[in-house]
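Comments concern the structure below.
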Amino acid sequence: ALNGDTLDFTVSADAVTVSGATVTSADVMTTNGVIHVIDAVLMPPADTPALPEGCDYLVGIDDTGYAFDHTSLEIAVGETVCWMWTDSGMAHNVAEIAEEGDTMRMIGGLYSGAAATTVDYRLTFDEDQTFNYVCEPHASMDMAGKVVVGSGVEVVPEPVVDEDTDATPGFASSLAIVSILGAVLIAQRRNNERSD
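Sequential numbering from 1437 applies to the sequence shown in the numbering used here.
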């Protein structure tokens, strides 16, 4: 085919088919060649829609309206996932949950905002993690998804142990010197008072 697709021809005693469509008339002469008439319309495959600029992955709403069209993604660190839908039949949103299976939004978690029929929410994931999310209005119907970024396990840095103490170096020795000087001065003053 002209667009690079494959055409399957089948020849039998009864008919010739082209990608499942029967040839009804063969060798029809025209001014620019020969046409074979078939009893169906052959459609080229639909082009894969282009991703919006800035998006590495696109998540929308499936045909039922009660699920995301991609419920599980595995992406690399630094990639961007875009949740987008326009004029959907129902309002939806993206709300981070603490664990897979939760139905309540995680307080302080990532959030696209109140459910809406048109949403354009984009997240760039800059570290290994697993991002679990739900659509709040439909969470009880299991409208949820997850994005596994890199290894999927958040790297938690080891706590830095500060071996320095809050004690001021030399404080004890300074205090001792001041105490000794004070004792010497008091003793000297007493000696002076006795000699007078």
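Glycine included, C-beta positions come from ideal geometry on N, C-alpha and C.
Closest to residue i by CA distance: which of the options is it?
| i | options | result |
| --- | --- | --- |
| Ala-1457 | Asp-1444, Gly-1469 and Thr-1467 | Asp-1444 |
| Cys-1491 | Thr-1507, Tyr-1502, Gly-1501 and Ile-1511 | Ile-1511 |
| Gly-1489 | Ser-1524, Val-1597 and Val-1517 | Position check: residue 1489 holds Glu in this sequence, whereas Gly was assumed. The shortest Cα separation from Glu-1489 among Ser-1524, Val-1597 and Val-1517 belongs to Val-1517. |
| Asp-1412 | His-1574, Glu-1563 and Phe-1561 | Because the chain is modelled from 1437 through 1632, residue 1412 falls outside the range shown and cannot be assessed. |
| Val-1495 | Tyr-1502, Thr-1507 and Gly-1501 | Thr-1507 |
| Val-1459 | Thr-1466, Met-1465 and Val-1447 | Val-1447 |
| Val-1530 | Gly-1549, Asn-1628, Ser-1587 and Ala-1619 | Gly-1549 |
| Ala-1503 | His-1528, Ala-1486, Thr-1522 and Tyr-1493 | His-1528 |
| Glu-1535 | Asp-1499, Gly-1588 and Thr-1560 | Gly-1588 |
| Phe-1561 | Asp-1450, Asp-1499, Tyr-1493 and Thr-1453 | Tyr-1493 |
| Leu-1509 | Val-1454, Asp-1499 and Thr-1566 | Thr-1566 |
Does the Cβ of residue i have 16 or more other Cβ atoms within 10 Å, making it buried, or fewer, making it exposed?
| i | result |
| --- | --- |
| Glu-1572 | buried |
| Ile-1543 | exposed |
| Ile-1497 | buried |
| Arg-1643 | With the chain running from 1437 to 1632 in the structure shown, residue 1643 is simply not present. |
Would you say residue i faces chain B, with C-beta separation under 8 Å as the test?
| i | result |
| --- | --- |
| Pro-1593 | The structure shown contains no chain B; it holds only a single protein chain. |
What is the C-beta distance between residue i and residue j, in whole angstroms, given that I count them as a contact (C-beta under 8 Å)?
| i | j | result |
| --- | --- | --- |
| Tyr-1569 | Glu-1532 | 5 Å |
| Val-1592 | Val-1513 | About 16 Å separates the two Cβ atoms, so there is no contact after all. |
| Glu-1590 | Glu-1563 | 7 Å |
| Tyr-1557 | Trp-1519 | 4 Å |
| Gly-1501 | Met-1465 | In fact, because the Cβ distance is near 52 Å, the residues do not count as touching under 8 Å. |
With respect to 7 Å, is the separation between the Cβ of residue i and the closest non-hydrogen atom of the ligand COA below this value?
| i | result |
| --- | --- |
| Asp-1444 | Judged by which ligands are present, the structure shown has none, so any question about the ligand COA falls away. |
Provide the residue(s) that pair with residue i in DSSP beta bridges, ordered along the chain.
| i | result |
| --- | --- |
| Gly-1581 | Tyr-1569 |
| Ala-1552 | His-1528 |
| Tyr-1557 | Trp-1519 |
| Ala-1457 | Val-1454 |
| Gly-1469 | Thr-1466 |
| Ile-1613 | None; Ile-1613 has no bridge partner. |
| Glu-1510 | Val-1584 |
Original post:
When the Cβ atoms of the region 1568-1587 are set against those of the region 1605-1619, are three or more pairs found closer than 8 Å?
Top reply: In short, these stretches do not touch, since the Cβ pair count stays below three.
Original post:
At a cut of 8 Å, does the region 1613-1629 reach the region 1551-1568 through at least three beta carbon pairs?
Top reply: No: fewer than three Cβ pairs fall under 8 Å.
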